[in-house]
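Input: a single structure, listed below in structure tokens.
Residue numbers (our numbering): -16 to 92.
Structure (structure tokens):
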């Protein structure tokens, strides 16, 4: 029974948090009361400035845009897709939207 519980809990995180990412150069960066960005997959909401992480993400994205670096944005999804979704879920995010899948990590490459 203990082995079954261990197996279930080792599989559960990958099912519940099937994460994917989209990477590309910052093509658009805009601010209002929130931060909006496009790295090739449409301009969409990254975070609201009332979130502690948002100012740090803004600084990182500004640095990436100014230095023409690639950024990777990670999303949390309940779908079965994971990994690089440049030809999949990234194409479905949309333009000028708040993505259905929340952003949880921004990485400069």
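Virtual Cβ for every residue (Gly too), placed ideally from N, Cα, C.
task: Might you give, ordered along the chain, the residues of its own chain that have their beta carbon closer than 6 Å to the beta carbon of residue 41, omitting 5 neighbours on each side?
output: 18
Query raised in the report: Could you give the uninterrupted runs of the alpha helix (DSSP H) lying entirely in the region 9 to 61, keeping only those of 4 residues or more?
Result: 35 to 49
Using a Cβ-Cβ cutoff of less than 8 Å, which residues in the same chain neighbour residue 13 once the five nearest sequence positions on both sides are dropped? 19, 20 and 26
Taking just the CA atoms, how far does residue 11 sit from residue 44? 10 Å
**Prompt:** When the Cα of residue 90 is compared with those of 33, 39 and 15, which residue comes out closest?
**Reply:** 39
* Are there 16 or more other CB atoms within 10 angstroms of the CB of residue 82, so buried, or fewer, so exposed? -> buried
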